[in-house]
Structures are given as structure tokens and as C-alpha cells.
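Reviewing the structure listed below.
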Amino acid sequence: MDVTLHGAGIVRQERPVRGTLHLRAGRVADTSAGGFAVDLRDHLVFPGLINAHEHLHVNTVPPLPMDRPFANSYDWMAAFQAHFDEPAVKAALARPKACRMRHGALKNLLAGTTVVAHHDPWDTSLDDADFPVALLRGHGWAYTLNGPAFGPDVRASFLATPPSRPWMIHLAEGTDERARQEWAQLDAMGCLAAHSVLVHGVGLDAEGIDAVIARGASVVWCPASNRRLLGRTLDPRRLHAADRLGLGSDSRVSGSRDLLDELGVAVDAGLTPHEAWVLATAANARILRMPWRGHLGVGATADLVIVADRGDAARSLVGLRRADLRAVVREGRPCVADPDFAPWFEAAGVDAVAIELDGRPKLLDRRFADPTLFALEPGLVGERVH
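All residue numbers for the sequence shown refer to the numbering used here, where the first residue is 43 and numbers rise by one.
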């Protein structure tokens, strides 16, 4: 259906432009042929957020108790082996993987994330037509350079990935010499290239950052996860200035609750609110080679986050909690929103159910209103779902 959003501040570049946004067939259009109108005076419309690093299926796994930071992720993985014997961990992992995948996707959607890069083996449940978020597809990946034999072989997967698609690997996730050497090891293998996307990069020294920039590669930054596991994160400024930086939340087993929370951590680590939200939209879209995502230009996928205008564009989004979002729209269809958006749900033919999110009343697309998922997500109450 055609939808016209009237009177909103459309956030495209440095500042919002007050005007009209046309949506047609799930994309941003230049004109309208009529259709449904939504009055968004005193609101801002942002592109839907893109989470450049997530493990969708482990968001219910309890984190490993820690009394000190680890030197690298390999030490954390080794320590986690005993954690698998904990009853709560066993119970979390005993749930069907398809259920855990949908829960991780719903977690992202509730916080305004409409696209996710899942860094693990593909599961058939990710192809469900009603999966809550869109996913990065057609990319290559390896798990780690020196860790457990999990996932594809590093060099084989790199060579099998077309240069037009991103190739992703956890790299330099540590503060010790082992982590610092990984970029050079990857480079010597011929796997540091313009489509290489290095996740974490905490151990990158100045020479390593120079190499990343020179090769045109990118780093996905997950500062909350880094601080929790390693005690610190990388300095994002040089990579950000070179347009070689993206942002991910990681999963809750090590990272933040959601990408909205990660925006706040990014600001705490030295970025401005404007720089942070651009990382989670346009920058991530560029790194992940998704040209129709992360912006509101004509032809872009109509993924939207609608918020109240608080007088400053970036601060109207960065610093919010998920319950503060007025509406999350995926491909032109409202998915989760405040109750006064009910006419849009009805006009779009979206069967909405009343829920509570962190104590706030919301409407949710019934396709995502699975009581099993509600039971897994703290703060999500679906007592009125029938």
C-alpha cells in the first residue's frame, strides 16, 4: 500500500528536513498516488537500525561470571566450557534453535533494528517468510583465526566470497600479543582486503589500523562486549575518520541488551551522538554492501524508526530505551508501535495485538506475538495475546 508520512523531520544527513515521506511497495518513493496518510508533526523519522554483529541464537544464555577481564576471547571461550554444565545454560540451549533464532530477531526488532548480520552457521529458520528482521545474505564468514575449529575454513571461505560481498571474521579480540598479531597473520594469508570485515579489533595497534585502512577493510566495533570480556575496547577515532568503522551489539551472552544500548556505549567511548547513529545506519549499510538500507533516499527499503522530536536530531534517538520508540516500521509495514498508531496497522492489514514493553503499552504485529518468545524476553508482556 501507499503511505504518506506528513510533517515529520526526515533524518537524512546532518539535520532533519521537515516535510513528507512517501512509501510505496515497501520502499521510499518520490511521489504518492494517494493511500494512507500519517500525521507525524513533532516527530523524527530515522532509517531502521542495522546490527552489524550478532549471534541471534544465544541471547538467552546466561553470561559467564567474571572476576577479572580476559586477555583474549580464546581464554574466555576456554573458561566458558565449564559454564556449559550450569543448569541455566543447559536449559537455555535445550530450547529449539529456531525458537532461539526468532527470539534474538525479536529482541532486535523491539529496539528499532530491522537488519541483522548473524555471525554463525545458517539455520533454515532464518528463511521463514515471517522472520522478524531482515538478514545479511550472500556474505562469507569464518569464526576466528586461531580458535576452535568451528565454521568454514578461513582461507577457503575468503576465496569463495566474491569481492562484491562482505567477508566477516572475529579478529584481534583481545589485549595481548596473541591478539595484536592476528591482523598480520590474516594479511599474510591474503585475507585482508577491501571486503574483509573484522569484528572487534581491540588488539589492533597503530600499524594494524594503518593496514586495515590501506586495504580498504573495515572493523565492526562492539564496545560493550569488549569492555565486559576484555576490560577495554579500541579507540574508534581513526577508523571512524577513514569511514572504516561499523557498530554491532554482539549477543547478550557477552554484549549489550540491544543496539540502542550500544549507541549509548559508543558515545561514552568518544563518539558524538550523530556519529553513533550514522554508524548504526549508513556506515553499517556501506560496510555490509547493502546499498538500499541505512538511509531514506528514494528507492531505499522503507525501514523506519519513528521517535518524538526532542529538539536535537541525534539526541532524539541516541540515549533512548526501546520503550521510548514511537514506532518501528519494516518494509513499509508497522511492526511495533505505540497504541495511537493503530489506524496505520489497520490500514496496512497488519493484525496487531496489545502488549506491554518495559511497562509501556504497545502494539505488535501478531506474526511476532509468540507466547514462547514473550517468556524468553524480560520486559515483554503479552497477557492480552490470544
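Virtual Cβ for every residue (Gly too), placed ideally from N, Cα, C.
Next item on the list: Quickly, what does DSSP pair Ala350 with across the bridge? List them, please.
Entry: The beta-bridge partner set that DSSP reports for Ala350 consists of His85.
Checklist line | Pairwise C-alpha distance: Gly290 and Arg207 | finding: Taking the straight line from one Cα to the other gives about 18 Å.
Item checked: Asn93 and Leu415 closer than 8 Å at C-beta -> Not closer than 8 Å, so no.
Check: Which class does Ala417 belong to by DSSP, given the choice of helix, strand or coil?
Finding: Note: Ala417 maps to helix in three-state DSSP.
Next item on the list: List the DSSP bridge partners of Ala71.
Entry: His64, per the DSSP bridge assignment.
Check: From what residue to what residue does the beta strand (DSSP E) around Asp407 run?
Finding: Unbroken beta strand (DSSP E) run through Asp407: Arg402 to Asp407.
Next item on the list: With DSSP as the reference, label Leu422 as helix, strand or coil.
Entry: Leu422: strand per DSSP, three-state reduction.
Notebook entry, point to check: Going by alpha carbons, who is nearest to Ala356 out of Leu313, Ala390 and Arg286?
Noted result: Ranked by Cα distance from Ala356, the options Leu313, Ala390 and Arg286 are led by Leu313.
Next item on the list: Out of Gly180, Leu213, Glu219 and Leu187, state which residue places its alpha-carbon closest to the alpha-carbon of Ala202.
Entry: Comparing Cα-Cα distances from Ala202 to each of Gly180, Leu213, Glu219 and Leu187, the minimum goes to Gly180.
Note to self: Between Gly68, Arg83 and Trp386, which has its C-alpha nearest Thr62's C-alpha?
What the structure shows: Residue nearest to Thr62 within the set Gly68, Arg83 and Trp386 is Arg83 (criterion: CA-CA distance).
Notebook entry, point to check: Roughly how many angstroms separate the alpha carbons of Cys264 and Ala308, rounded to a whole number?
Noted result: Answer to the nearest angstrom: the Cα atoms are 8 Å apart.
Notebook entry, point to check: Quick one: what's Glu388 bridged to in DSSP?
Noted result: Bridge partners of Glu388: none, in fact.
Notebook entry, point to check: Grouping DSSP H, G and I as helix and E and B as strand, with all else coil, what is Ser298?
Noted result: Correct three-state label for Ser298: coil.
Next item on the list: Return the residue from the list Trp319, Phe78 and Ser115 that minimises the CA-CA distance to Leu305.
Entry: If we check each option's Cα against that of Leu305, Trp319 comes out closest.
Check: Just how far apart, CA to CA, sit Pro190 and Tyr116?
Finding: Per the coordinates, the alpha-carbon of Pro190 lies some 8 Å from the alpha-carbon of Tyr116.
Notebook entry, point to check: The alpha helix (DSSP H) spanning Gly146 covers which residue range?
Noted result: That run of the alpha helix (DSSP H) goes Lys139 to Leu152.
Notebook entry, point to check: Roughly how many angstroms lie between the CA atoms of Tyr185 and Asp382, to the nearest whole one?
Noted result: Distance between Tyr185 and Asp382, taken at the CA atoms: about 44 Å.
Next item on the list: Tell me whether Ala140 counts as near the ligand SAM, meaning its Cβ is closer than 7 Å to at least one heavy atom of that ligand.
Entry: As far as ligands go, the structure on display features none, and thus does not contain the ligand SAM.
Check: Under a Cβ-count criterion, where at least 16 other Cβ atoms within 10 Å of its own Cβ denotes burial, should Ala325 be classed as buried or exposed?
Finding: It is buried - the Cβ of Ala325 has at least 16 other Cβ atoms within 10 Å.
Check: In its own chain, which residues sit with a C-beta less than 8 Å from the C-beta of Leu151, not counting the 5 before and 5 after it?
Finding: For Leu151, where only same-chain residues beyond five positions count, the Cβ hits under 8 Å are Pro174, Val175, Val370, Arg372, Cys377, Val378 and Phe410.
Item checked: Cβ neighbour criterion (16 or more within 10 Å) applied to Asp172 -> So Asp172 ends up on the exposed side.
Check: Between the beta-carbon of Val239 and the beta-carbon of Trp209, is there less than 8 Å?
Finding: Val239 is a Cβ neighbour of Trp209, given a cutoff of 8 Å.
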